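Okay, structure first, notes after.
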Amino acid sequence: MAYQIPEEVIEEVRKSNDIVDVIGEYVQLKKQGRNYFGLCPFHGEKTPSFSVTQDKQIFHCFGCNKGGNVVTFMMEIESFSFVEAIRFLANRRGIPLPEIDINANNTSSKQELDILAAYEWLTKLYHHLIRFTKDGKEGYQYLRDRGISDEAIDTFQLGFAPNVRDFTVQFLKKKGFNEALLVNAGLVSLQNDNSVIDRFRGRVIFPIRNHIGKPIAFGGRSIAGGEPKYLNSAESELFQKGKLLYNFDLAKKHIRKQNEVVLFEGYMDVISSYQAGVLNGVATLGTSLTESQAKLLKRYVDTVIVCYDGDRAGVEATYKAANILRKAGCQVKVANLENGLDPDTYIQTYGGEAFKNEVIKASNTYLSFYMRYMRKDFNLSLESDRLAYLDIILNELAKLESVVEREYYVREISKEHNLSVESLSSEIESIRDKQGYSKDKSEEKRYTNRAIRKPTNNKLLPAYHNAERKLLSYMLQDVYIAEKVQQELGAGFNVDAHKIIATYLFAFYEEGNKSDVSLFVEKLEEADLKQLVTEMAMSEVTEEISDKEINDYIRIIKAQHLDIANIQSLKQEQKLAEQQNDPVKAAQIAMQIINIKKQLKQTN
């Protein structure tokens, strides 16, 4: 492969990044037997068909058939080039790489790298100003007055942009950045007189990082009464508010550890809750939660605690966000912030421990929140309103698959409204029958059952095709078997893709490589071959296979090859007999061809 990074360095990078750890930062994986399973990040699915094998260091999705090793995964998930994927994985493990120009012929990528570098420089500059200079004192005092500690300022790299029109542009121009690029990136604003000014001047800066920790935008908070109060960078290819979550890069390890995430509405809520010990908090970026953000969370976690403001607008936003999250397959809880408080104000008023224990840990289930949310639209002292309210709630309860959950809420409603459990349960069953809900799918929804289920292919493959796949699977894990096949069969497989894989594999072992599927996949250029190899490598094979079984596979493959060759030879003889005007001989040959084809069908 004509890459600018030495092969031995690529190998070191690949081996130092365990595929389960890397993919685990993007997908919630659960171990089942020897493999790990999760929801595929490359296509929408509700039952996990995405499998990761630690001992072979490969992944494969039985749903969309994507597969490969840790480098392939990073290229797919982040749209990285090969070199970009290696660079990312090397940085992840602190492995130095030689200086390479990966974007010499790619103007678009070069501009993106320059924009990223500009944000990196400004993040450091603004943070330095707020922490260590008089120019940042105003911003520093604002954060301290809001209860933000120096440790939190450093963790979130908060900063301050001085209220000087050309401060930022002069700084970046001295670093070699093009003024037009800075305007396009939204870091500075072009005025009518063609002068440029700092977009965020006089504001406290909240760096917005992508999920791999690179600052790609800023949120600026006015501290002198300027409007708007919060100002974000303009959207671009790098920064799309609806696809990102604030603090996701820092929170994701805590999200995986705790198997839940707390969703806030703003930067300050995340930072205040962090100081209170809630480390798994993220926030939307000044907009309502999107389906894309909900799907991102579902990739990592089952449970989302929505902790929005306690005022009416916050409750409405909570209801909308909860339904988007449930649609994405998340289990939703809702933090109960009373008296219209927002999380930051609650923490300032009652303290971090109260917030953790009485708000986050005491979160309500979605059904409890839903019942409270719907109640506001009815006057329950009126019989008609009470019946209408109960109708809505019972219809929602009917959607629950768990009998235990339904019974719990039925008993709560029974006590509150003085109705019998029997009548309520009967009404719910009637609704479930009308809506076509099954009696109880709770067992089907258990992750352990879903994780090991693989989509079945209804099309039966010929015996020789299965024999070739099985043989290649064993060849991938055993050099001895590959050598035996090379001697007895060579590349004489019947399926073209299998011929190519076998040829590559023979060459791979002849170079002195040991059995290593992940490395072999790295050597393949064609994406379809990478996927096919990982699929075969993930197939179930016995650890020890007899020579008899190997010989049987070879015999089946050879028989198919010989029969096809015989048919082709007989067709030539038949054509010659027809040319010599010998219909009897031509008919006899045709019968021979038919008999061979029948035998092939019976064998396959």
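If you read the sequence shown in UniProt numbering, its first letter stands for residue 1, the second for the next number, and so on. Quick reminder that beta carbons are idealized off the backbone N, C-alpha and C, glycines included. Bear in mind the structure is a predicted one, so any value in this text is a computation, not a measurement.
Out of the options, which one is the CA nearest neighbour of residue i?
| i | options | result |
| --- | --- | --- |
| V262 | M268, N280, K175 | N280 |
| K124 | R87, Q111, K214 | K214 |
| A217 | E112, V304, Q258, E151 | E112 |
| E338 | K66, G277, K110, F355 | F355 |
| N247 | V169, S272, Y230, G226 | S272 |
| A559 | F493, Q588, Q572 | F493 |
| A491 | E468, G512, P343, Y308 | E468 |
| D342 | E25, V521, C307 | C307 |
| A537 | V13, R14, V52 | V52 |
| A180 | R209, L190, E401 | L190 |
| M75 | N513, V164, L89 | L89 |
| Q57 | T534, S384, Q580, I360 | T534 |
| N336 | A328, R312, G329, Q572 | R312 |
| K173 | I19, L122, K15 | L122 |
| E291 | P6, C330, F264 | C330 |
| G266 | D516, E510, K229, V27 | K229 |
| Y126 | Y409, P96, G159, Y140 | G159 |
| K110 | F62, D193, N178, L424 | N178 |
| Q477 | A502, G67, Q487, Y464 | A502 |
| K470 | N184, P162, D496, I550 | I550 |
| T345 | M268, N91, T155, F37 | M268 |
Have a look at residue i and residue j and give me their C-alpha separation to the nearest angstrom.
| i | j | result |
| --- | --- | --- |
| K523 | A234 | 41 angstroms |
| D302 | R93 | 28 angstroms |
| A118 | D249 | 20 angstroms |
| A317 | N466 | 54 angstroms |
| N17 | L244 | 25 angstroms |
| G136 | H128 | 8 angstroms |
| T107 | I115 | Only weak support exists for where T107 lies, its pLDDT of 48 falling under 50; the value from the coordinates is given anyway. Cα to Cα, T107 sits roughly 12 angstroms from I115. |
| L39 | L297 | 12 angstroms |
| R411 | I324 | 28 angstroms |
| E427 | K376 | 23 angstroms |
| Q32 | L238 | 37 angstroms |
| E260 | K499 | 47 angstroms |
| E151 | L285 | 23 angstroms |
| P462 | D552 | 15 angstroms |
| E578 | V517 | 52 angstroms |
| D23 | P6 | At residue 23 the sequence reads Ile, which differs from the Asp that was named. Straight-line Cα distance between these residues: approximately 25 angstroms. |
State the DSSP-derived secondary structure class of residue i, mapped to helix, strand or coil.
| i | result |
| --- | --- |
| A497 | helix |
| S189 | strand |
| L143 | helix |
| S384 | helix |
| residue 606 | In this structure the chain extends from 1 to 604, so residue 606 is not present and cannot be described. |
| P215 | strand |
| Q57 | coil |
| F355 | helix |
| Q111 | helix |
| T349 | helix |
| R199 | coil |
| F160 | strand |
| V27 | coil |
| S402 | coil |
| residue 608 | Nothing about residue 608 can be reported from this structure: the residues present for the chain run from 1 to 604 only. |
| S272 | helix |
Where does the unbroken alpha helix (DSSP H) through residue i begin, and where does it stop?
| i | result |
| --- | --- |
| T284 | No alpha helix (DSSP H) holds T284; DSSP gives it neither H nor E. |
| H254 | 248 to 258 |
| T168 | 167 to 174 |
| H465 | 463 to 477 |
| G24 | 19 to 24 |
| K298 | 291 to 300 |
| V533 | 527 to 538 |
| Q435 | 421 to 435 |
Quick check on the burial criterion: 16 or more other C-beta atoms within 10 angstroms. Buried or exposed for residue i?
| i | result |
| --- | --- |
| H43 | exposed |
| L387 | exposed |
| V71 | buried |
| Y274 | buried |
| P98 | exposed |
| T456 | Bear in mind that the predicted position of T456 carries a pLDDT of just 44, short of 50, making it unreliable; the figure below should be weighed with that in mind. Under this definition T456 is an exposed residue. |
| T542 | exposed |
| Y480 | exposed |
| P583 | exposed |
| Q28 | buried |
| Y409 | buried |
What span of residues does the beta strand (DSSP E) with residue i cover, start to end?
| i | result |
| --- | --- |
| P207 | 203 to 209 |
| Y230 | 230 to 232 |
| V304 | 303 to 306 |
| Y36 | 35 to 38 |
| V332 | 331 to 334 |
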